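**Q**
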Amino acid sequence: MTFSEQKIEGFPVFELEGKIMGDKQSLILCDRLKEHINAGEKRILLDLSKVRWINSFAIGQMLSCLRQIRNNGGDLYFSGIQGRVAYYFKITKLETELKIYENVGTALEELTISSI
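Here it is, written out as structure tokens:
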């Protein structure tokens, strides 16, 4: 997995690409997310539109990171989930626990409206 980050409309947006396998890159991503939360940014968007695979270990890591972020007053938002990733989010019932949007534009529109 690789990821890049940028600010769009004032929100940190992380674009993930490839396979999320719960490896060192996943831990680096979680650390970067926590750095944003500690810097006072409470809402972060993860764009998974270029992610083609996620395994159960990576899902566990993601949930652990999400829990830590929520415990510090923040939250993660997800966009672009499709294919096998959407399937795993569905069978693990993550889709009912997470804030998931069709694409980055829709997510940012909702985040912008809710911050007014």
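For the sequence shown, this note's numbering begins at 1034 and goes up steadily by one. Cβ coordinates follow ideal geometry from the N, Cα and C atoms, glycine included. Keep in mind the model is a prediction, meaning the values are calculated, not measured.
(1) Quick one, which of I1070, M1054, E1050 and E1074 has its alpha-carbon nearest F1090's?
(2) Put G1043 into one of helix, strand or coil per three-state DSSP.
(3) Please report the straight-line C-alpha distance between E1128 and D1108, rounded to a whole angstrom.
(4) Please state the DSSP three-state secondary structure of T1125.
(5) Let me make sure I understand the geometry here. Which of Y1110, G1106 and K1067 has the alpha-carbon closest to that of E1142?
(6) Which residues mark the beginning and the end of the alpha helix (DSSP H) in which D1056 is found?
(7) By the three-class DSSP mapping on this structure, what secondary structure does K1067 have?
(8) Would you check if the distance between the CB atom of V1137 and the CB atom of G1113 is smaller than 8 Å?
(9) Counting along the chain, where does the alpha helix (DSSP H) carrying L1081 start and finish?
**A** So, to answer that:
(1) One-based indexing of the sequence shown puts residue 1090 at position 57. Among I1070, M1054, E1050 and E1074, the Cα nearest to that of F1090 is on M1054.
(2) Working through the sequence shown from its first residue, we reach residue 1043 at position 10. Secondary structure of G1043 (DSSP, three-state): coil.
(3) Locating residue 1128 in the sequence shown gives position 95, where the first residue counts as 1. Locating residue 1108 in the sequence shown gives position 75, where the first residue counts as 1. Spanning the two alpha carbons is a distance of roughly 15 Å.
(4) Here residue 1125 refers to the residue found at position 92 of the sequence shown. The three-state reading of DSSP puts T1125 in coil, since its state is none of H, G, I, E or B.
(5) Working through the sequence shown from its first residue, we reach residue 1142 at position 109. Checking every option, the nearest Cα to that of E1142 belongs to Y1110.
(6) Here residue 1056 refers to the residue found at position 23 of the sequence shown. Counting along the chain, no alpha helix (DSSP H) covers D1056, and no H or E run does either.
(7) If you number the sequence shown from 1, residue 1067 lands on position 34. The answer is helix: DSSP assigns K1067 an H, G or I state.
(8) Counting from one through the sequence shown, the residue named residue 1137 turns up at place 104. Counting from one through the sequence shown, the residue named residue 1113 turns up at place 80. A contact, by the Cβ cut-off of 8 Å.
(9) In the sequence shown, counting from the first residue as 1, residue 1081 sits at position 48. For L1081, there is no enclosing alpha helix (DSSP H); the enclosing beta strand (DSSP E) covers residues R1076 to I1087.
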